[in-house]
Amino acid sequence: MTTRVLVVQSQKLVRQGIRAELSRNGALDIVETASGAEALSAAAHDAPDVVLLDFELPDRPGPEICAALLERHPHLVVIVLTGHRDEAAVRAALDAGARGYLLDDDEDIDLSRAIERSLAGERVIDPRVAALLLDGDSAGKPKLSAQELKVLRLVAEGLTNPEIGTRLYLSRHTVKEYVSHAMRKLDATNRIEAVRKATALGLIEGTAPPSTGEGRQIRETLVYNDSGAPARSSDLKVTPLKIDELETGSEGQ
Numbered sequence: 011m012t013t014r015v016l017v018v019q020s021q022k023l024v025r026q027g028i029r030a031e032l033s034r035n036g037a038l039d040i041v042e043t044a045s046g047a048e049a050l051s052a053a054a055h056d057a058p059d060v061v062l063l064d065f066e067l068p069d070r071p072g073p074e075i076c077a078a079l080l081e082r083h084p085h086l087v088v089i090v091l092t093g094h095r096d097e098a099a100v101r102a103a104l105d106a107g108a109r110g111y112l113l114d115d116d117e118d119i120d121l122s123r124a125i126e127r128s129l130a131g132e133r134v135i136d137p138r139v140a141a142l143l144l145d146g147d148s149a150g151k152p153k154l155s156a157q158e159l160k161v162l163r164l165v166a167e168g169l170t171n172p173e174i175g176t177r178l179y180l181s182r183h184t185v186k187e188y189v190s191h192a193m194r195k196l197d198a199t200n201r202i203e204a205v206r207k208a209t210a211l212g213l214i215e216g217t218a219p220p221s222t223g224e225g226r227q228i229r230e231t232l233v234y235n236d237s238g239a240p241a242r243s244s245d246l247k248v249t250p251l252k253i254d255e256l257e258t259g260s261e262g263q
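Counting from 11, one number per residue, gives the positions in the sequence shown under my numbering.
Here it is, written out as structure tokens:
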């Protein structure tokens, strides 16, 4: 099965280098764009599975493009590939819904493997920026998109995914993706906890308890090498952080 990858990179030489590396994997179909506007257009017309997104685009900020892509195509997996390694940039990417954050100066990086792991549900983050997240202040409200908030409000009313889809004219799968994104941003293990956290943060109004449902726990854990020390980039090639497969639980999914 072919995986379509959309490469969004303003610098032509860098873009060509990424294409050359990915082309070694015959299972990848590659589409290139050089701006945020082109990325949004390509996402609509070429139906990519994964987006490799540079954060320095000529027309719009990277986090804004990331959020816009996921707002229109919730199924997309977005991996930021950039030279920025400051905490603010990393948090902006993850808050916008990016599944991964990789540094383009890592000579050992295996982009094909990163894509494979992200599609399997893992969060791929360079160890150097992962350390920033562990050391930094994690306070602050999660940034949920308008559509994620709409879906979460209906979850709070007790609606199932099919019922929410009918109300918002969305497919059941799309609703599930929005719930999963909201759960991830809120660090919630299930839809009920997501509603409670969103209500406590003032993101949605308190309503009647939602229908009972069970979700798989979402976990982010540091991976360690055989010696027990934190893994290095050279050990893992891709990331020390892992996120389990997101699967919300609700009747009538």
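Don't be surprised by glycine CBs; every beta carbon is placed ideally from N, CA and C. A quick note: this is a predicted structure, and the numbers were derived from the prediction, not measured.
{"query": "6 angstroms Cβ shell around TYR111 - same chain, five flanking residues per side excluded", "result": "VAL90, VAL100, ALA103, ILE135 and VAL139"}
{"query": "Reduced DSSP category for ASP59 - H, G, I as helix; E, B as strand; rest coil", "result": "coil"}
{"query": "9 angstroms Cβ cutoff, THR199 in contact with chain C", "result": "The chain labelled as chain C is not found in the depicted structure, where only one protein chain is given."}
{"query": "Whether ALA49 touches LEU67 by CB criterion (9 angstroms)", "result": "yes"}
{"query": "Paired residues, beta bridge with GLU42 - DSSP", "result": "VAL17"}
{"query": "Segment contact flag, the region 149-166 with the region 199-207, C-beta cutoff 8 angstroms, min 3 pairs", "result": "yes"}
{"query": "Paired residues, beta bridge with ILE135 - DSSP", "result": "TYR111"}
{"query": "Cβ-based neighbour list, ASP64, same chain, cut-off 7 angstroms, excluding 5 preceding and 5 following", "result": "VAL18, GLN19, SER20, GLY72, LEU91 and THR92"}
{"query": "Selected residue, minimal CA-CA separation from GLU97, among HIS55, LEU143 and ASP197", "result": "LEU143"}
{"query": "Contact under 9 angstroms by Cβ, LEU113 with VAL60", "result": "no"}
{"query": "Per DSSP, the bridge partner or partners of THR92", "result": "LEU113"}
{"query": "Boundaries (first-last residue) of the alpha helix (DSSP H) holding LYS195", "result": "182-196"}
{"query": "Within 9 angstroms, strictly: CB atoms of LEU80 and ALA57", "result": "no"}
{"query": "Residues of its chain near GLY37, where Cβ-Cβ distance is below 8 angstroms and the 5 sequence neighbours each way are ignored", "result": "The identity of residue 37 in the sequence shown is Ala, whereas the question assumes Gly. Within the same chain, ALA37 has close Cβ partners MET11, THR12 and THR13."}
{"query": "Collapsed DSSP secondary structure at ALA218 in the structure displayed", "result": "Low local confidence applies: a pLDDT of 36 at ALA218 is under 50, so the model's placement there is unreliable, with the coordinate-based value given in what follows. Correct three-state label for ALA218: coil."}
{"query": "Contacts around GLN26, its chain only, beta-carbon distance under 8 angstroms, and the 5 residues preceding and following it disregarded", "result": "none"}
{"query": "Run of the alpha helix (DSSP H) containing ALA204, from where it starts to where it stops", "result": "201-210"}
{"query": "Buried/exposed call for ALA124, threshold 16 Cβ in 10 Å", "result": "buried"}
{"query": "Cβ neighbours of GLU158 in the same chain (closer than 7 angstroms, five flanking residues each side left out)", "result": "TYR188, HIS191 and ALA192"}
{"query": "Integer Cβ distance of VAL15 from ASP39, believed to fall under 8 angstroms", "result": "7 angstroms"}
{"query": "Neighbourhood of ALA198 by C-beta, 6 angstroms cutoff - its chain only, sequence neighbours within 5 removed", "result": "ALA204 and LYS207"}
{"query": "Buried or exposed by the 16-neighbour rule on C-beta atoms within 10 Å, applied to ALA108", "result": "buried"}
{"query": "Own chain residues within Cβ distance below 8 angstroms of ILE9, not counting five before or after", "result": "The chain is shown from 11 up to 263; residue 9 falls before or after that span and cannot be answered."}
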